[in-house]
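So in this note's numbering, spot 14 of the sequence shown is number 1430, and the numbers just go up one at a time.
A short write-up of the structure that comes next.
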Amino acid sequence: GVPPMLLGIPGDATYNNYREANLAFWRQTALPLVAKTAQALTNWLRPRFGSTLRL
1417 GVPPMLLGIP
1427 GDATYNNYRE
1437 ANLAFWRQTA
1447 LPLVAKTAQA
1457 LTNWLRPRFG
1467 STLRL
């Protein structure tokens, strides 16, 4: 999920600062979502472009 600090919701003491919250967002949310999307796109394109296709 998105850390509350990045949404402007005050009172969350989970992260010491904005930088840590931003890094956590990228590591725990954005990058896994990109990886899942790339895998799904690879699986969708593989029948047309061959089994060696990898994104």
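No residue lacks a Cβ here, since even glycine has one placed at the ideal position from N, Cα and C.
All values reported here derive from a predicted model rather than from experimental measurement.
(message) Mapping the DSSP letters down to three states, classify R1470 as helix, strand or coil.
(response) The residue labelled residue 1470 in the question sits at position 54 within the sequence shown. When secondary structure is reduced to three states using DSSP, R1470 falls in the coil class, being assigned neither helix nor strand.
(message) Let's test the definition: count the other Cβ atoms within 10 Å of the Cβ of P1463 and tell me whether it reaches 16, buried, or not, exposed.
(response) Stepping through the sequence shown from its first residue, residue 1463 is reached at position 47. Around the Cβ of P1463, a 10 Å sphere holds fewer than 16 other Cβ atoms; the residue is exposed.
(request) Tell me whether P1426 sits in a helix, a strand or coil according to DSSP, three-state version. (result) As a working mapping, residue 1426 is identified with position 10 in the sequence shown. P1426 falls in the coil class under three-state DSSP.
(message) I need the straight-line Cα distance from L1422 to K1452, nearest angstrom please.
(response) As a first step, residue 1422 is located in the sequence shown; it is residue number 6 there, counting from the start. As a first step, residue 1452 is located in the sequence shown; it is residue number 36 there, counting from the start. The alpha-carbon atoms of L1422 and K1452 are separated by roughly 23 Å.
(request) With distances taken Cα to Cα, identify the nearest neighbour of A1456 among Q1444, L1469 and W1442. (result) Taking the sequence shown and counting its residues from 1, the one referred to as residue 1456 is at position 40. Ranking the options by Cα distance to A1456, first place goes to L1469.
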